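> One rule links them: number in the numbering used here = place in the sequence shown (from 1) + 15.
Quick reminder that beta carbons are idealized off the backbone N, C-alpha and C, glycines included.
None of these values were measured; they are calculated from a predicted model.
Questions regarding the structure given below will be posed in turn.
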Amino acid sequence: MESVTTEAKTKSAMSPTATMPERSEATTSQETTTSMWFHLQQPSNVLESAELSTTDVATKTATRPMTTVSATTTSQETTASTCSSPPVDCEFGGSSYNFSTRWMDHASAVLACSQFGSHLVFIESQEEENFMIMEHGQYNYYWIGLTGSSPSEARWLDGSSPTYNNFSDGSFNDHGNCFSIKCGGQYSGWHDWYCSWINRFICEKEV
């Protein structure tokens, strides 16, 4: 009887139905977190490893300037209340302005404006430029209707010479003959660019 009992115990220990040890919740959670990283789409300006821990991710997210972006957006929506969107149309000083969000080279922008009976903007006063900065400073650069390789040769698209200008430092230094405006912030002013570069643009139509 003793030998039979010993044999039964041995078979029981080797039985395939014996309960296997369960994987810990910590291991499962870790694998799930790692798997999720390979399905997340990170912004192009954020280079984060797929193996970062949840704590590291939370720390990086907390340090991003989300509050600043939100505050800027709220402020901009308040100051741009006279405009419709899209397209962004505003009126000031007897002209209607369209702040295009499309990207084109200078010649294509000229054509796009002409299709709506307008032209690339002619900035003729500090007040007019301040208006543009107030309305759409967050969009950075826009093509304007000015070309020229030197201050004396600068002309609006109708052939007239500027009676007002805000050429930035470093203009007319072989960067190109087509001008864009930087609406506010650092490096604000008029910048010469290569005409083949793509940029947003502002159309103006007298009303």
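Given a threshold of 16 other Cβ atoms within 10 Å of its Cβ, counted over all protein chains shown, does MET147 qualify as buried or as exposed?
What you label residue 147 is simply residue 132 of the sequence shown in a count that begins at 1. Its Cβ being crowded by 16 or more others within 10 Å, MET147 is buried.
> Candidates ALA127, GLY204 and THR162: which alpha carbon is nearest GLU219's?
Numbered from its first residue, the sequence shown carries residue 219 at position 204. Of the candidates ALA127, GLY204 and THR162, the one whose C-alpha sits nearest the C-alpha of GLU219 is ALA127.
> Would you say CYS193 and CYS210 are within 9 Å of each other, going by their C-beta atoms?
Residue numbering aside, residue 193 sits at position 178 when the sequence shown is read from its first letter. Residue numbering aside, residue 210 sits at position 195 when the sequence shown is read from its first letter. Yes, these two residues count as a Cβ contact at 9 Å.
> For TRP158, count neighbouring Cβ atoms within 10 angstroms of its own Cβ and tell me buried if that reaches 16, exposed if not.
Residue mapping note: residue 158 aligns to position 143 of the sequence shown, counting from 1. Result: buried.
> Using the rule of at least 16 other Cβ atoms within 10 Å of the residue's Cβ for burial, across every protein chain shown, is ASN188 buried or exposed?
By 1-based counting over the sequence shown, the position of residue 188 is 173. Exposed, because fewer than 16 other Cβ atoms sit within 10 Å of the Cβ of ASN188.
> SER44 by DSSP, collapsed to three states: which one?
By one-based count along the sequence shown, residue 44 stands at place 29. With a pLDDT of only 42 at SER44, under the threshold of 50, the placement of this residue in the model should not be trusted; the figure read from the coordinates follows. SER44: helix per DSSP, three-state reduction.
> Taking the CB atoms as reference points, tell me whether ASN113 and ASP104 lie closer together than 9 Å.
Here residue 113 corresponds to residue number 98 of the sequence shown, with the count starting at 1. Here residue 104 corresponds to residue number 89 of the sequence shown, with the count starting at 1. Cβ distance < 9 Å, so ASN113 and ASP104 count as in contact.
> For GLU214, count neighbouring Cβ atoms within 10 angstroms of its own Cβ and tell me buried if that reaches 16, exposed if not.
As a first step, residue 214 is located in the sequence shown; it is residue number 199 there, counting from the start. A small correction: the amino acid at residue 214 is Asn; Glu does not occupy that position in the sequence shown. The residue in question, ASN214, is buried, as its Cβ has 16 or more Cβ neighbours within 10 Å.
> Distance, Cα to Cα, VAL136 vs PHE182?
Counting from 1 along the sequence shown, the entry for residue 136 is found at position 121. Counting from 1 along the sequence shown, the entry for residue 182 is found at position 167. C-alpha separation (whole angstroms): 15 Å.
> Could you name the residues that DSSP lists as bridge partners for MET119?
For the purposes of this step, residue 119 is taken as the residue at position 104 of the sequence shown. Answer is ASN214.
> Closest to MET234 by C-alpha separation, out of THR178, HIS134 and GLU106, would be which residue?
Coverage of the chain is limited to positions 16 through 222, which leaves residue 234 absent and any answer about it impossible.
> Let me know the secondary structure DSSP gives GLU219 once reduced to three states.
Along the sequence shown, one-based indexing puts residue 219 at 204. Three-state result, GLU219: strand.
> Do you know offhand how far ILE217's Cα is from GLU168's?
Within the sequence shown, residue 217 is the residue found at index 202, counting from 1. Within the sequence shown, residue 168 is the residue found at index 153, counting from 1. Approximately 22 Å, taken between the alpha carbons.
> Report the partner residues of THR162 according to the DSSP bridge assignment.
The residue labelled residue 162 in the question sits at position 147 within the sequence shown. Answer is ARG170 and CYS193, bridged to THR162.
> According to DSSP, is GLU106 part of a helix, a strand, or is it coil?
For the purposes of this step, residue 106 is identified with residue 91 of the sequence shown, where counting begins at 1. Of the three classes helix, strand and coil, the one that applies to GLU106 here is strand, per DSSP.
> Whose C-beta lies closer than 8 Å to the C-beta of TYR202 among residues of the same chain, with five residues either side of it excluded?
Along the sequence shown, one-based indexing puts residue 202 at 187. Taking TYR202 as the centre and dropping the five residues before and after it, the same chain places the C-beta of SER183 closer than 8 Å to its C-beta, in chain order.
> Could you say which of TYR156, ASN155 and GLY185 lies nearest to SER165 if we only look at CA atoms?
In the sequence shown, the residue the question calls residue 165 occupies position 150. Per the Cα distances, GLY185.
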